[in-house]
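A.B. asks: Before I ask anything, let me first share the structure, which is written out below as structure tokens.
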Amino acid sequence: MKNKILVTGGTGYIGSHTSVELIKEGFDVVIIDNLYNSEAEIIDRIHKITGVKPVLEVFDLCDQEKLDIFFKKYNDISAIIHFAAYKAVGESVNKPLEYYRNNLLSLVNVLDAMKRFGVSDLVFSSSCTVYGQPEKLPVTEDAPLQPATSPYGNTKQIGEAIIRDTTVSDKNIKAVSLRYFNPIGAHPSALIGELPRGVPENLVPYITQTAYGLRDELKVFGNDYDTPDGSCIRDYLHVVDLAKAHVVAVKRLIGRRNKTNYEVFNLGTGKGVSVLEAIKSFERVSGIKLKYKITGRRAGDIEKIWADPSFANKELAWKTLSSLDEAMKTAWDWEKNIRNKKG
Ligand code: UD1
């Protein structure tokens, strides 16, 4: 019998790519999503890519009664990958209560249901934001966490703590937190990818929308940082590589190969890339000269961060395979595809 995986937020950016990889590896996928930031049509696109249509149940995880009804209906879930959350850093500053309620209540409800319905394995979508500006680079999992600079970041820190405390109090619960660095790109089919609502906050969608003519120009937030070219440095990884890490983490939990009941992994390439280098990569793969200008720093930005992914490389036997250029090319192909224009 196939193992059935519940993917919360499975029609979102990383959730949809992970659902594809799970199906490719022979898992049954059931998605819960409230479609707050995604479309039900993504299910058809996952079907097109994999030949399998995952089940979609549309409701809000903050509604515990609906979650109970779900677990009574699906009493054979092997593991949960929990993506469902709000993720806009800037928005979270203006709507902290919405962020705390949505991101934390949904997580508490999921953990509570796991205990009551006997589901033991959880993979949690965390972020490198928990490190703030680390003192030592590349950053390892044991680096001290810094106070979060946004309510969004705080929900990731608190979320990790809630999970850790639950695994301490209940030895039946096993969990993995995956701290993503900066996911970019799209599925090579260009059928699924990142679809920001309104003006993008993140760099790569802003680049591709500018190149497509939807934005006048990209603003590069600062060139006076203590980095080789003065712009901020991040660790950009291809979303398909990231999705595959979730499959490995689920297999590790289901196969009882976890070393402790709560494990944390950095997921990144191990390579720092500046904003100006990211722009050059885009220009290389698209052949387009991007319009951009240097502006002031963005409040809350950290100067530089990149991962030490060696723990995930060793323990999960996972590493990123795609280059920055490959990831950028898929981001550009996706942008052109959704705007329905060949370019
Ligand atoms: C932020 C969060 C991260 C979250 C991610 C996705 C922090 C520290 N990081 O990442 O946890 O998972 O968003 O929502 O809170 N840039 C420009 N111009 C732009 C946009 C971005 O120059 O128009 C620069 C930024 O200054 C930064 C880099 O591009 O140096 C990446 O920015 P972005 O894509 O927003 O990601 P992070 O801020 O790294």
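Residue numbers (the working numbering): 1 to 343.
Yeah, the Cβ is synthetic: ideal placement off N, Cα and C, and Gly gets one too.
Quick check on the DSSP output: the alpha helix (DSSP H) that includes residue 152 runs from which residue to which?
C.D. replies: 151 to 169
A.B. asks: Considering only DSSP beta bridges, list what residue 123 is partnered with.
C.D. replies: 81, 176
A.B. asks: Whose CA, out of 323, 271, 283, 321, lies closest to the CA of residue 304?
C.D. replies: Measuring from the Cα of residue 304, the nearest candidate turns out to be 271.
A.B. asks: Let me confirm a value: residue 342 is counted as buried when at least 16 other C-beta atoms fall within 10 Å, else exposed. Which label applies?
C.D. replies: Interpretation of residue 342 is limited by its pLDDT of 47, a score under 50 that renders its predicted location unreliable; no figure is taken from the coordinates.
A.B. asks: Quick one: is residue 179 buried, meaning 16 or more other Cβ sit within 10 Å of its Cβ, or exposed?
C.D. replies: buried
A.B. asks: Please tell me whether residue 183 and residue 242 are closer than 7 Å, where the distance is taken between their beta carbons.
C.D. replies: yes
A.B. asks: List, from N- to C-terminal side, the alpha helix (DSSP H) runs of 4 residues or more that fit wholly inside the region 192 to 258.
C.D. replies: Fully enclosed alpha helix (DSSP H) runs of 4 or longer: 203 to 212, 239 to 254.
A.B. asks: Within the same chain, show all residues whose beta-carbon is closer than 8 Å to that of residue 104, passing over the 5 residues directly before and after it, in chain order.
C.D. replies: 155, 158, 159, 162
A.B. asks: Is any heavy atom of the ligand UD1 found at a distance shorter than 6 Å from the C-beta of residue 182?
C.D. replies: yes
A.B. asks: Which of helix, strand or coil does DSSP assign to residue 189?
C.D. replies: Secondary structure of residue 189 (DSSP, three-state): coil.
A.B. asks: Helix, strand or coil for residue 96, going by three-state DSSP, please let me know.
C.D. replies: helix
A.B. asks: Please classify residue 40 as buried or exposed, where buried requires at least 16 other C-beta atoms within 10 Å of its C-beta.
C.D. replies: exposed
A.B. asks: Buried or exposed for residue 135, going by 16 or more other Cβ atoms inside 10 Å?
C.D. replies: exposed
A.B. asks: Since residue 327 and residue 185 are thought to touch, with beta carbons under 8 Å apart, how far apart are those beta carbons, to the nearest angstrom?
C.D. replies: 4 Å
A.B. asks: Does any heavy atom of the ligand UD1 sit closer than 6 Å to the C-beta of residue 206?
C.D. replies: True, at least one ligand heavy atom lies under 6 Å from that Cβ.
A.B. asks: Runs of 3 residues minimum, wholly inside the region 268 to 309: which ones carry the beta strand (DSSP E) assignment?
C.D. replies: 292 to 295
A.B. asks: When every heavy atom of the ligand UD1 is checked, does at least one fall within less than 6 Å of the C-beta of residue 271?
C.D. replies: no
A.B. asks: For residue 380, is the classification buried or exposed, using 16 other Cβ atoms within 10 angstroms of its Cβ as the cut-off for buried?
C.D. replies: The question about residue 380 has no answer here: the residues shown for the chain are numbered 1 through 343.
A.B. asks: How is the beta strand (DSSP E) around residue 29 delimited, first residue to last?
C.D. replies: 28 to 32
A.B. asks: In whole angstroms, give me the CA-to-CA distance for residue 263 and residue 177.
C.D. replies: 6 Å
A.B. asks: Name, in chain order, the residues that DSSP records as bridge partners for residue 263.
C.D. replies: 176
A.B. asks: Taking the beta carbon of residue 252 as the centre, do at least 16 other beta carbons fall within 10 Å, making it buried, or is it exposed?
C.D. replies: buried
A.B. asks: Should residue 124 go down as buried or exposed, given a rule of 16 or more other Cβ atoms within 10 Å for buried?
C.D. replies: buried
A.B. asks: Mark residue 53 as exposed unless 16 or more other C-beta atoms lie within 10 angstroms of its C-beta, in which case mark it buried.
C.D. replies: When all chains shown are included, residue 53 counts as exposed.
A.B. asks: With residue 8 as the anchor, note down where its beta strand (DSSP E) starts and where it stops.
C.D. replies: Looking at the DSSP string, the run of the beta strand (DSSP E) that includes residue 8 is 4 to 8.
A.B. asks: Give a yes or no on whether the C-beta atoms belonging to residue 273 and residue 236 are separated by under 7 Å.
C.D. replies: yes
A.B. asks: Any contact between the region 14 to 33 and the region 197 to 216? By contact I mean 3 or more CB pairs, one from each, below 8 Å.
C.D. replies: Contact fails between the region 14 to 33 and the region 197 to 216, because fewer than three Cβ pairs, one in each stretch, are under 8 Å apart.
A.B. asks: Can you give the beta carbon distance from residue 28 to residue 5, rounded, assuming they're within the 8 Å contact cut?
C.D. replies: 7 Å
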